[in-house]
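Q: Questions regarding the structure given below will be posed in turn.
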Amino acid sequence: MVEAKLNSPVRQVRQEPQALVVTLAGDVDLHRTPELQQELVRVVERRPRRIVLDLTAVQYMDSSGVASLVKLLSSTRRQNIELKLCGMAPRVKSIFEITRLDTVFDICPALKDALA
Amino acid sequence: MVEAKLNSPVRQVRQEPQALVVTLAGDVDLHRTPELQQELVRVVERRPRRIVLDLTAVQYMDSSGVASLVKLLSSTRRQNIELKLCGMAPRVKSIFEITRLDTVFDICPALKDALA
Amino acid sequence: MSAIPPQPIRLSLASTPAHLPIVRAGVGEIARLVGFDEKAVDAVVLAVDEAMTNIIKHAYDGRNDQPIEAAFTALSEAADGGPAGLTIVLEDRGKPVDPAAVRSRDLDDVRPGGLGVHIMGCCMDRVDYTPREGGGTRLTMTKFLRAADKPGARQPQLTGGTRG
Amino acid sequence: MSAIPPQPIRLSLASTPAHLPIVRAGVGEIARLVGFDEKAVDAVVLAVDEAMTNIIKHAYDGRNDQPIEAAFTALSEAADGGPAGLTIVLEDRGKPVDPAAVRSRDLDDVRPGGLGVHIMGCCMDRVDYTPREGGGTRLTMTKFLRAADKPGARQPQLTGGTRG
Ligand SMILES: Nc1ncnc2c1ncn2[C@@H]1O[C@H](COP(=O)(O)OP(=O)(O)O)[C@@H](O)[C@H]1O
Ligand SMILES: Nc1ncnc2c1ncn2[C@@H]1O[C@H](COP(=O)(O)OP(=O)(O)O)[C@@H](O)[C@H]1O
């Protein structure tokens, strides 16, 4: 899927001392989740101690996006990797609340909290 | 037209020492120009020396909006009232450029320039 | 907002994820026009996005060139005595829905499946699947302007789930 | 963006200014999907807004419950050999267009009339009015992705202006 590649919501993956930080941007919907899932698999394969997903620049997320994060959570749990989400806009937060997944994920207000 | 009233793009009309400042907001399209035109007539009836239209909060303007301003320009010219526009976002500015009315109106970057 | 004409706004598109942003943008403005606040607008947008996503994934098995028809009708307070709101009908010509499948999943079970239907039920006041005449599925979702009578997250109501 | 299916996106609405924000939002996303930059997206949105405004004002004399049909087709580079772009067709069933009237006005003359057609001509590469079968008008506007061959503000091309 070439066009999925063009469409990746992953803007940046960078190693910080405390965690591997994955920055997402734009709309995370069915159109853009195939590439997201592939990249998240590669991120987990790097076996970091902690993964932080920075969602500050995400404007919209639908259940396909949430489903990708649920998959990520399952695989990080299996491999004992810590996973934190941060920087959710109210609109993004509300889909986690609607799905009640806000209690399942470790959600921090800002990146600095997730790196603490 | 009651719903036009609810829909007025005129957010505020206030007298400053140098001019009567009319602040518009939101989308200025066919849906909202009937009320705009009525309010602009009332503004001209107050016979100020200068009218400044502050467009900082206008997100979108179509030709109905531009047409209302052209009408305002005609009546202010007839009555020797100075008219200045200010605070145009690039998207709003472009409709003036497309219609080449950017050369007909007195357009200032910011409110302070229009009050100078 | 009495000036909204009673006839529905209709949109027909293809079953491609590429069309989702178009639908979201249009639906958001429709919900705003009906008078929903921004939180409710987001909920309506999310519900329609999920419904389209399901049609693409399940009804059409991911094929991206199949037809989806949407109709948006503003419900006026005066017309039916009930509360004003918005009814959205989405029709596909794909694989019919299995009524047993279209059910909120158990949330304790952390896995992807079943989120979409759950989300629609949370976002809208009514969610009904019925077979479409001529094949496929007709999904009717309604959200009322007065949210007072809405007891939080509700299961979607499944009616007419038998296949045509 | 090869994944855009060839069939047009269709939208049918009523001739009310209340529907303009819906069309603007949807058209903007369609233009973005086709690959226009933000400046070109704004131009496409403006052109469609003006076209709808004219239909409401002139074809339907301000009546707000009459039908307007829009179809949006992504032109692909491969399909026709020509440049990729977007074709937009707007149909009304109202008063036919007077070809003499649909002409850019003289800009030295500062007055409202004639701005809409002028704007459409500036925003799009082609603007064609033809009578609609069964009455009314069919307006076809095209904008190409390669803007290189576009010599700035151009007069709309008027073809088939004779009434049906
Ligand atoms: N439009 C549809 N056509 C056919 N089946 C559907 C449709 N929508 C939903 N379904 C069925 O309902 C099930 C639950 O859907 P959903 O809650 O969105 O979860 P998911 O898409 O993650 O499986 C799907 O697995 C599918 O079997
Ligand atoms: N869809 C239409 N149906 C009928 N007549 C139209 C239509 N669009 C434009 N016209 C005619 O073209 C003229 C010019 O339109 P326009 O440039 O938008 O200026 P304005 O709307 O300010 O008169 C109108 O006055 C009208 O006579």
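Chains as they are written, first to last, in our numbering: chain A, 990 to 1105; chain B, 990 to 1105; chain C, 541 to 704; chain D, 541 to 704. Ideal placement from N, C-alpha and C gives every residue a C-beta, glycine not left out.
For D/GLY602, verify whether its CB is less than 8 Å away from any heavy atom of ligand 3.
A: Absence of ligand 3 from the depicted structure is noted, with ligand 1 and ligand 2 being the only ligands included.
Q: Assuming C/PRO557 contacts A/LEU1019 (C-beta within less than 8 Å), just tell me the rounded distance between them.
A: Along the third sequence, one-based indexing puts residue 557 of chain C at 17. Along the first sequence, one-based indexing puts residue 1019 of chain A at 30. Contact between C/PRO557 and A/LEU1019 holds, with the beta-carbon distance rounding to 4 Å and staying under 8 Å.
Q: I want to see whether chain A comes within less than 9 Å of C/PRO607, judged by CB atoms only; does it?
A: Numbered from 1 along the third sequence, position 67 holds the residue referred to as residue 607 of chain C. Chain A contact via Cβ: absent.
Q: Using a Cβ-Cβ distance cut-off of 9 Å, determine whether B/LYS994 contacts chain D.
A: The residue given as residue 994 of chain B occupies position 5 in the second sequence. Here B/LYS994 scores only 47 on pLDDT, less than 50, and its place in the model should not be relied on; the value that follows carries that caveat. It does not; no Cβ of chain D falls within 9 Å.
Q: Answer with yes or no whether the minimum CB distance from A/THR1065 to chain G is below 9 Å.
A: Among the chains of the structure shown, chain G does not appear; the protein chains present are A, B, C and D.
Q: When the Cα atoms are used, what is the spatial distance from D/VAL650 to B/LEU1090?
A: Reading the fourth sequence from its first residue, position 110 is the one you call residue 650 of chain D. Reading the second sequence from its first residue, position 101 is the one you call residue 1090 of chain B. Because the pLDDT at D/VAL650 is just 47, under 50, the model does not fix this residue reliably, and the point stays unresolved.
Q: What three-state label does DSSP hand B/MET990 in the structure shown?
A: As a position in the second sequence, residue 990 of chain B is number 1, starting the count at 1. The predicted position of B/MET990 is uncertain, since its pLDDT is 26 and thus under 50; a value taken from the coordinates is nonetheless stated next. Residue state, collapsed to three classes: coil.
Q: With a CB to CB cut of under 8 Å and the five nearest residues on each side skipped, what residues in its chain are close to B/THR1088?
A: Numbered from 1 along the second sequence, position 99 holds the residue referred to as residue 1088 of chain B. In the same chain as B/THR1088, and ignoring 5 residues on each side of it, the C-beta atoms closer than 8 Å to its own belong to SER1052 and VAL1055, in chain order.
Q: On the CB-based measure, 16 or more other CB atoms within 10 Å of its CB, does C/THR613 come out buried or exposed?
A: On the third sequence, position 73 is the one that residue 613 of chain C refers to. Label assigned to C/THR613: buried.
Q: When you compare the CB positions of C/ALA610 and C/ARG550, do they come within less than 9 Å of one another, or not?
A: Indexing the third sequence from 1 puts residue 610 of chain C at position 70. Indexing the third sequence from 1 puts residue 550 of chain C at position 10. It is a contact, given that the beta carbons lie within the stated cut-off.
Q: Mind checking C/VAL574: buried by the 16 CB within 10 Å criterion, or exposed?
A: Residue 574 of chain C sits at position 34 when you count from the first residue of the third sequence. By the neighbour-count rule (16 or more Cβ atoms within 10 Å), C/VAL574 is buried.
Q: Interface residues of chain C around A/LEU1025 at Cβ under 8 Å?
A: Translated into the one-based positions of the first sequence, residue 1025 of chain A becomes position 36. The premise fails here: A/LEU1025 is roughly 12 Å from chain C at the closest Cβ pair, so nothing lies under 8 Å.
Q: Alpha carbon to alpha carbon, how far is D/ASP582 from C/ALA565? Give it in angstroms, no decimals.
A: Numbered from its first residue, the third sequence carries residue 565 of chain C at position 25. Numbered from its first residue, the fourth sequence carries residue 582 of chain D at position 42. Distance between the alpha carbons of C/ALA565 and D/ASP582: 15 Å.
Q: Below 8 Å, is the gap between the Cβ of D/ILE595 and the nearest heavy atom of ligand 2?
A: On the fourth sequence, residue 595 of chain D is found 55 positions in, with the first residue counted as 1. Answer for D/ILE595: yes, Cβ within range of ligand 2.
Q: Tell me, please, whether the CB atom of A/LEU1019 is closer than 9 Å to any CB atom in chain C?
A: One-based indexing of the first sequence puts residue 1019 of chain A at position 30. Chain C contact via Cβ: present.
Q: Under the DSSP definition of a beta bridge, which residues are partnered with D/TYR600?
A: By one-based count along the fourth sequence, residue 600 of chain D stands at place 60. None, per the DSSP bridge assignment.
Q: Are C/VAL629 and C/ARG678 closer than 9 Å when you measure CB to CB?
A: In the third sequence, the residue the question calls residue 629 of chain C occupies position 89. In the third sequence, the residue the question calls residue 678 of chain C occupies position 138. Yes, Cβ-Cβ distance for C/VAL629 and C/ARG678 is below 9 Å.
Q: Flag C/ALA554 as yes when its Cβ comes closer than 8 Å to any non-hydrogen atom of ligand 1, and as no otherwise.
A: Residue mapping note: residue 554 of chain C aligns to position 14 of the third sequence, counting from 1. Result no, Cβ not under 8 Å from ligand 1.
Q: In angstroms with no decimal places, state the Cα-to-Cα distance between D/ALA641 and D/LYS683.
A: The residue labelled residue 641 of chain D in the question sits at position 101 within the fourth sequence. The residue labelled residue 683 of chain D in the question sits at position 143 within the fourth sequence. Using only the alpha carbons, I get a separation of about 23 Å.
Q: Would you say A/THR1045 faces chain C, with C-beta separation under 9 Å as the test?
A: The residue you call residue 1045 of chain A lines up with position 56 of the first sequence. Interface flag for A/THR1045 against chain C is unset, since no Cβ pair is found closer than 9 Å.
Q: Look at the Cβ atom of D/PRO636, then the Cβ atom of D/GLY675, and state whether they are nearer than 9 Å.
A: As a working mapping, residue 636 of chain D is identified with position 96 in the fourth sequence. As a working mapping, residue 675 of chain D is identified with position 135 in the fourth sequence. Taking 9 Å as the Cβ cut-off, D/PRO636 and D/GLY675 qualify as a contacting pair.
Q: DSSP three-state call for B/GLU1071: helix, strand or coil?
A: On the second sequence, position 82 is the one that residue 1071 of chain B refers to. Strand.
Q: If contact means a Cβ-Cβ distance below 8 Å, which residues of the stretch 671-685 of chain C contact chain A?
A: The residues in question: there are none.
Q: For the alpha helix (DSSP H) that contains B/LYS1101, what are its first and last residues?
A: In the second sequence, counting from the first residue as 1, residue 1101 of chain B sits at position 112. First-last of the alpha helix (DSSP H) with B/LYS1101: 1100-1104.
Q: Just verifying my parser: in three-state terms, what is the DSSP assignment at C/ARG633?
A: On the third sequence, residue 633 of chain C is found 93 positions in, with the first residue counted as 1. If DSSP states are grouped into helix, strand and coil, C/ARG633 belongs with coil.
Q: Compare the C-beta of D/ARG633 against all C-beta atoms of chain C and say whether one is closer than 9 Å.
A: Indexing the fourth sequence from 1 puts residue 633 of chain D at position 93. Closer than 9 Å: no.
Q: In terms of residue numbering, what span does the alpha helix (DSSP H) encompassing D/LEU586 cover?
A: Taking the fourth sequence and counting its residues from 1, one reaches residue 586 of chain D at position 46. Segment 578-594, the alpha helix (DSSP H) holding D/LEU586.
Q: In angstroms, rounded to a whole number, what distance separates the CA positions of B/ALA1163 and D/VAL588?
A: The question about residue 1163 of chain B has no answer, for chain B in this structure spans 990 to 1105.
Q: What are the partner residues of A/GLN1001, as DSSP defines its beta bridges?
A: Position 12 of the first sequence, counted from the first residue, corresponds to residue 1001 of chain A. A/THR1012.
Q: With a threshold of 8 Å (Cβ to nearest heavy atom), would A/ALA1103 be considered close to ligand 1?
A: Position 114 of the first sequence, counted from the start, is the residue given in the question as residue 1103 of chain A. No.
Q: Would you please state the rounded distance, in angstroms, between the beta carbons of A/VAL1002 and A/VAL1047? I believe it to be under 8 Å.
A: As a first step, residue 1002 of chain A must be located in the first sequence, where it is residue number 13. As a first step, residue 1047 of chain A must be located in the first sequence, where it is residue number 58. So it is not a contact: roughly 15 Å between Cβ atoms.
Q: Taking the alpha carbon of D/HIS559 as the point to measure from, which residue in D/GLY634, D/ALA591 and D/GLU617 has its own alpha carbon closest?
A: Translated into the one-based positions of the fourth sequence, residue 559 of chain D becomes position 19. Of D/GLY634, D/ALA591 and D/GLU617, the residue nearest in Cα terms is D/ALA591.
Q: Would you mind reading off the limits of the alpha helix (DSSP H) that contains A/PHE1085?
A: For the purposes of this step, residue 1085 of chain A is identified with residue 96 of the first sequence, where counting begins at 1. Residues 1079-1087.
Q: Give me, in chain order, the residues of the same chain whose beta-carbon lies closer than 6 Å to that of C/LEU553; leave out the 5 immediate sequence neighbours on both sides.
A: If you number the third sequence from 1, residue 553 of chain C lands on position 13. Result list for C/LEU553: HIS559 and ILE608, in chain order.
Q: Determine the closest residue to B/THR1012 out of B/ARG1021, B/VAL999 and B/GLU1024, with distance taken between C-alpha atoms.
A: For the purposes of this step, residue 1012 of chain B is taken as the residue at position 23 of the second sequence. Closest option to B/THR1012, Cα to Cα, is B/VAL999.
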